[in-house]
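**Q** Here it is: the structure, laid out below.
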Amino acid sequence: MSEDVGTSTCKPKTSVTGEYSVTNPDQVLENVLENVLIFLTSRRDRNAVSLVSKSWHRAEAHTRSDLFIGNCYSVAPIRVTGRFKRIRSVWLKGKPRFADFSLMPADWGAHFTPWAHAMAGAYRALEKICLKRMTVTNDDLGIIARSFLNFKEIVLVCCDGFGARGIGVIASECRNLRVLELNEDEVLDEEFDWISCFPMEGTSNLESLCFDCVESSVNFDALERLVARSPLLKKLRLNRHVSIGQLYRLALRAPQLTDLGTGSFSLPEVIGQQQDENLELDYGHAFAACRSIICLSGFRDLAPEYLPAIYPVCANLTSLNLSYANIDAQQLKAVIRHCHKLRVFWTLDSICDEGLQAVADTCKDLRELRVFPIDASENAEGPVSEVGLLAISLGCRKLESILYFCQQMTNAAVIAMSKNCPDLVVFRLCIIGRYRPDRFTGEPMDEGFGAIVKNCKKLTRLAVSGLLTDRAFSYIGQYGNLVRTLSVAFAADGDTGLKYVLEGCTNLQKLEIRDSPFGDSGLLSGLHHFYNMRFVWLSSCRVTKQGCLEVARRLPKLVVEVFRRDEEEGGERGDFVNTLYMYRSLDGPRADAPQFVKIL
Amino acid sequence: MMHLKETELCLGLPGGGCEADTALKFTGKRGYSQTVDLMLNLQTNDQSSSTDLNDNKLQNSTKNNKDPIKPPAKAQVVGWPPVRNYRKNVMAQKSNNEETEKVVAATAGGGSAAAFVKVSMDGAPYLRKVDLKLYESYQQLSDALAKMFSSFTMGDYGSQGMIDFMNESKLMDLLNSSEYVPSYEDKDGDWMLVGDVPWQMFVESCKRLRIMKGSDAIGLAPRAMAKCKNRC
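Here it is in structure tokens:
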């Protein structure tokens, strides 16, 4: 048989004379495979590929360049650097989401340091690091800055442990830096002028600079010079110490911006800060010059009389974040009626149902809506309600993701949304009043959430609230086979609810539950599935230490952590465990667990 | 970050959310005692205490014998509603700022607190704010306003730094010109020409400043003169 040289497939068993003998046919196959796999980017596909055979496993390991680790404790750094040799970008996630709500003690873990050391030695060509909910120190940032010569991008989301000095090291050492994004981090207040650490000569490659979460003021002159020297800068998010006058100057220097975080969007309060302020400032003119802006955020101390300045860019906006601006319906209407192309809208509930109606009237292309509460206490009445939700469902048929805080809700409105918005992928409804039933019928909110899982066939993320019985969870278990993330708080009657979910939701990856009466029996019904999950969180439920021990015994590869939020040892309140956090690990329990965390 | 020693009391069924821990009371309004704290903070210019107000401080603990079905009355639960700490801190800081402004406005003219008033100028697209306590005379205020609104001049204030209200003709000259004159809203809600009263009295009664064209201010003059005559 003849062989097509181009494909160079080898058949080692052939005995036709004249054929070249290949000493290691697998090697050729691997080389071919590697050339093909370079194009494979989806990590799910890659994971599948790596399971085919040892040869494929090796080939895949050689060609993987993007690393994603959803739980930093699921695998030890050395195992990662041992398997993958040519990584260019790393995405690492640490603490579970409930840590954002003070439900996790401060020194629990998720330290980046061991990863920094491991990667510094192994990945010389590393270009990009993204971290979420990890503790990163200034020293870690120093390691990054000095170890990776071609370093280009750093994105830190909800991280802590570092300060201005660390940012400064990155700015000064990483000559190829393109992206520096700090997103809702807790940045230590060090009196240090990090902006001046950027090289002040020559053109900069900076494409994205986001420091809206940095609490201290920046050296504005240095910032202005940096922006002026960054012709590629597309994304700039300022912190609240940048006044509108300063924003004006920056906008004039960077008309090519596509994504702008406006800073305070008001005047500084005391004269003397800007003696040279020009009387004739026309802020609308500055915005009109930025023809490319499609994403607008900031407005940290918005003075509403300046809002009209953004009208020139509204028609092009695809994303608008007003969620730090306390504006009413009238003020919003004046803005939103221009925003026909809006796809992402974040707001405070100060805009009321009337404001949401205005959104529904104009933003027909809306895909993502988030409505945050100004007043987080449990009142009887709130500014937004089922009326706003219904309006949105009728106006924004393409909605894919919603986060909605309210005080009261009805099943009817939720059911309507499930029918009007079939493309929903993320549905997170937070009825702030705990255990609140349907406002009109007095019934539990079971039918509403049931309709969501039943009708929204693409749903992968769900957060429930209000008065719920086991019935709601039976719906979720029955229809929620695509659900990967489920958040539950103050819900249900007993164990059966948890059983329904663990037995029914075959794709469940992340389960976070608080203050619900789920106990050992419910917990144990998930033994068949826990190895497939990223984590399970149960706090202030009715799980006992015995139940947790049973899980740990039956699933040896599961790391079962038990602790109390207030860091006292023991983890038990009465007979019940305060917080249970468990996840699968390839490398056993972590070595850096603090004293108050018990690993069973 | 502050660590809390929470008083966890568990009367009644555990696990049903009978925790009644209190965290930062996240409302826009502050109780009186907290307002007093704010004022003291301003006087001592203590940065750290304002941060304390933002921390999750245990204000008081409440006992709660809770039936899992009924929610406890107004007890604040840790981490509920699920708004990120970052966002909570930002919003708390905003309400701090708003409260601070209200407090200083209320105490304007009293004690050593600042006296911010809004300044608008006809034709200008934005407002400014000035702290009247920074100045000791009309001339100083005039200089500062001139810097802020550079095309504005306050005219000649004479040796005492006050518009000579007793000299009608001089006054009318000023008001007929196209120059800008400052007017202010006093405690009674009346709009007056700046300069009609002694400086200290002005600082105590001024609520808001408006810089208008002299020709627009003509309507204020007779009232201003009348009030001045009554005072003098």
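Chains as they are written, first to last, in our numbering: chain A, 1 to 600; chain B, 601 to 832.
Every residue gets a Cβ at the ideal spot worked out from N, C-alpha and C, and that includes glycine.
Because the structure is a prediction, the values reported are computed rather than measured.
In this structure, what does DSSP give as the bridge partners for A:C406?
**A** As a first step, residue 406 of chain A is located in the first sequence; it is residue number 406 there, counting from the start. DSSP output for A:C406 lists A:I431 as bridge partner(s).
**Q** Can you give me the C-alpha to C-alpha distance between A:A376 and A:K234, rounded to a whole angstrom?
**A** Start at 1 with the first residue of the first sequence, and residue 376 of chain A comes out as number 376. Start at 1 with the first residue of the first sequence, and residue 234 of chain A comes out as number 234. So the two alpha carbons sit approximately 35 Å from each other.
**Q** In angstroms with no decimal places, state the Cα-to-Cα distance between A:R461 and A:S418.
**A** Walking along the first sequence from the start, residue 461 of chain A turns up at place 461. Walking along the first sequence from the start, residue 418 of chain A turns up at place 418. Answer to the nearest angstrom: the Cα atoms are 14 Å apart.
**Q** Examine the Cβ distances between the stretch 140-148 of chain A and the stretch 77-93 of chain A and report whether three or more of them are shorter than 8 Å.
**A** No, because fewer than three Cβ pairs between the stretch 140-148 of chain A and the stretch 77-93 of chain A fall closer than 8 Å, the two stretches do not touch.
**Q** For the structure I just gave you, are there three or more beta carbon pairs, one from the stretch 376-390 of chain A and one from the stretch 332-346 of chain A, closer than 8 Å?
**A** Taking 8 Å as the limit for Cβ pairs, the verdict is that the stretch 332-346 of chain A does not touch the stretch 376-390 of chain A.
**Q** Measure the CB-CB distance between A:I351 and A:D328 and report whether it falls below 8 Å.
**A** Here residue 351 of chain A refers to the residue found at position 351 of the first sequence. Here residue 328 of chain A refers to the residue found at position 328 of the first sequence. Contact: yes.
**Q** Taking C-beta pairs closer than 9 Å, name the residues in chain B that A:D349 reaches, listed in chain order.
**A** Translated into positions along the first sequence, residue 349 of chain A becomes position 349. Under the 9 Å cutoff, chain B gives no residues; its nearest Cβ is about 11 Å from A:D349.
**Q** Note the first and the last residue of the continuous alpha helix (DSSP H) segment covering A:F372.
**A** Position 372 of the first sequence, counted from the first residue, corresponds to residue 372 of chain A. No alpha helix (DSSP H) contains A:F372, which is instead part of the beta strand (DSSP E) from 368-372.
**Q** Keeping to the same chain, check which residues put their C-beta closer than 7 Å to that of A:L467; ignore five residues upstream and five downstream.
**A** Walking along the first sequence from the start, residue 467 of chain A turns up at place 467. Around A:L467: Y435, R436, P437, P444, M445.
**Q** Starting from A:Y500 and walking both ways along the alpha helix (DSSP H), at which residues does that stretch end?
**A** Along the first sequence, read from residue 1 onward, the residue named residue 500 of chain A stands at position 500. Counting along the chain, the alpha helix (DSSP H) containing A:Y500 begins and ends at 495-504.
**Q** Mind checking B:A692: buried by the 16 CB within 10 Å criterion, or exposed?
**A** Here residue 692 of chain B refers to the residue found at position 92 when the second sequence is read from its first residue. Buried, by the Cβ-count rule.
**Q** Between B:P782 and chain A, is the shortest Cβ-Cβ distance under 8 Å, so that the two count as touching?
**A** Taking the second sequence and counting its residues from 1, the one referred to as residue 782 of chain B is at position 182. With 8 Å as the cut-off, B:P782 does not count as an interface residue toward chain A.
**Q** Between the alpha carbons of A:A451 and A:F427, how many angstroms are there, rounded?
**A** Residue 451 of chain A sits at position 451 when you count from the first residue of the first sequence. Residue 427 of chain A sits at position 427 when you count from the first residue of the first sequence. Approximately 12 Å, taken between the alpha carbons.
**Q** Tell me which same chain residues have a C-beta within less than 7 Å of the C-beta of B:E785, skipping the five on either side of it?
**A** The residue you call residue 785 of chain B lines up with position 185 of the second sequence. Result list for B:E785: W791, K807, R808, in chain order.
**Q** Less than 8 Å between CB atoms is the rule here; does B:G795 satisfy it with respect to chain E?
**A** The structure shown contains no chain E; the protein chains it does contain are A and B.
**Q** To the nearest angstrom, how far is it from the Cα of A:F162 to the Cα of A:E447?
**A** For this step, residue 162 of chain A is matched to residue 162 along the first sequence. For this step, residue 447 of chain A is matched to residue 447 along the first sequence. Whole-angstrom Cα-Cα distance: 46 Å.
**Q** Measure the alpha-carbon distance for B:N689 versus A:P96 and round it to whole angstroms.
**A** Taking the first residue of the second sequence as 1, we reach residue 689 of chain B at position 89. Taking the first residue of the first sequence as 1, we reach residue 96 of chain A at position 96. B:N689 and A:P96: Cα-Cα distance of roughly 20 Å.
**Q** Just mark A:Y479 as buried or exposed, buried being the case when its beta carbon has 16 or more other beta carbons within 10 Å.
**A** As a first step, residue 479 of chain A must be located in the first sequence, where it is residue number 479. A:Y479 comes out buried.
**Q** Is DSSP giving A:D470 helix, strand or coil here?
**A** In the first sequence, the residue the question calls residue 470 of chain A occupies position 470. Correct three-state label for A:D470: helix.
**Q** Consider the Cβ of B:F802: report whether some Cβ of chain A lies at a distance smaller than 8 Å.
**A** In the second sequence, counting from the first residue as 1, residue 802 of chain B sits at position 202. Output row for B:F802: interface = no.
**Q** Quick one: does A:S102 have its CB under 8 Å from some CB of chain B?
**A** As a working note, residue 102 of chain A is residue 102 in the first sequence. Yes - at least one Cβ of chain B is within 8 Å of the one on A:S102.
**Q** Using a Cβ-Cβ distance cut-off of 8 Å, determine whether B:K694 contacts chain A.
**A** Start at 1 with the first residue of the second sequence, and residue 694 of chain B comes out as number 94. Judged by the 8 Å Cβ criterion, B:K694 is in contact with chain A.
**Q** Would you please verify whether the beta carbon of A:F405 is less than 8 Å from any beta carbon of chain B?
**A** Working through the first sequence from its first residue, we reach residue 405 of chain A at position 405. True, the Cβ-Cβ gap to chain B drops below 8 Å.
**Q** Hey, is the stretch 122-129 of chain A in contact with the stretch 98-106 of chain A, meaning 3+ C-beta pairs nearer than 8 Å?
**A** No: the two stretches stay apart, fewer than three of their Cβ pairs being nearer than 8 Å.
**Q** In whole angstroms, give me the CA-to-CA distance for A:V483 and A:L459.
**A** As a working mapping, residue 483 of chain A is identified with position 483 in the first sequence. As a working mapping, residue 459 of chain A is identified with position 459 in the first sequence. C-alpha separation (whole angstroms): 6 Å.
**Q** Alpha carbon to alpha carbon, what distance is there between A:A412 and A:N439?
**A** Stepping through the first sequence from its first residue, residue 439 of chain A is reached at position 439. Stepping through the first sequence from its first residue, residue 412 of chain A is reached at position 412. A small fix is needed here, since residue 439 of chain A is Arg in this sequence, not Asn. Roughly 10 Å between the two C-alpha positions.
**Q** Report the neighbours of B:M812 on chain A: residues whose CB is nearer than 8 Å to its CB, in chain order.
**A** The sequence position of residue 812 of chain B within the second sequence is 212, counting from 1. Ordered by position in chain A, no residue passes the 8 Å Cβ test against B:M812, which lies about 15 Å from the chain.
**Q** What is the DSSP secondary structure of A:H340, reduced to helix, strand or coil?
**A** Residue numbering aside, residue 340 of chain A sits at position 340 when the first sequence is read from its first letter. Correct three-state label for A:H340: coil.
**Q** My assumption, with CB atoms under 8 Å, is that A:N138 sits in contact with A:R165. Please give the rounded CB distance.
**A** Mapped onto the first sequence, residue 138 of chain A falls at position 138. Mapped onto the first sequence, residue 165 of chain A falls at position 165. The Cβ separation is near 5 Å, so the contact holds.
**Q** Please report the straight-line C-alpha distance between A:D592 and A:H111, rounded to a whole angstrom.
**A** Indexing the first sequence from 1 puts residue 592 of chain A at position 592. Indexing the first sequence from 1 puts residue 111 of chain A at position 111. Computed Cα separation, rounded: 9 Å.
**Q** Over what stretch of residues does the alpha helix (DSSP H) that includes B:W799 continue unbroken?
**A** In the second sequence, residue 799 of chain B corresponds to position 199, counting from 1. Its alpha helix (DSSP H) spans residues 799-805.
**Q** In terms of alpha-carbon separation, which member of A:R584, A:E354, A:T258, A:D349 lies closest to A:C314?
**A** The count along the first sequence starts at 1 and reaches residue 314 of chain A at position 314. When only C-alpha atoms are compared, the closest one is A:T258.
**Q** Would you call the CB atoms of A:R229 and A:S264 closer than 8 Å?
**A** Residue numbering aside, residue 229 of chain A sits at position 229 when the first sequence is read from its first letter. Residue numbering aside, residue 264 of chain A sits at position 264 when the first sequence is read from its first letter. Going by C-beta atoms, A:R229 is not nearer than 8 Å to A:S264.
**Q** Going by DSSP, what residues sit across from A:T579 in a beta bridge?
**A** Position 579 of the first sequence holds residue 579 of chain A. DSSP, once it has assigned bridges, lists A:S539, A:F563 as partnering A:T579.
**Q** Can you list, in chain order, the residues of its chain whose CB lies under 7 Å from that of A:C548, leaving out five sequence neighbours each side?
**A** Mapped onto the first sequence, residue 548 of chain A falls at position 548. V560, V562, V577, L580, L600, listed in sequence order.
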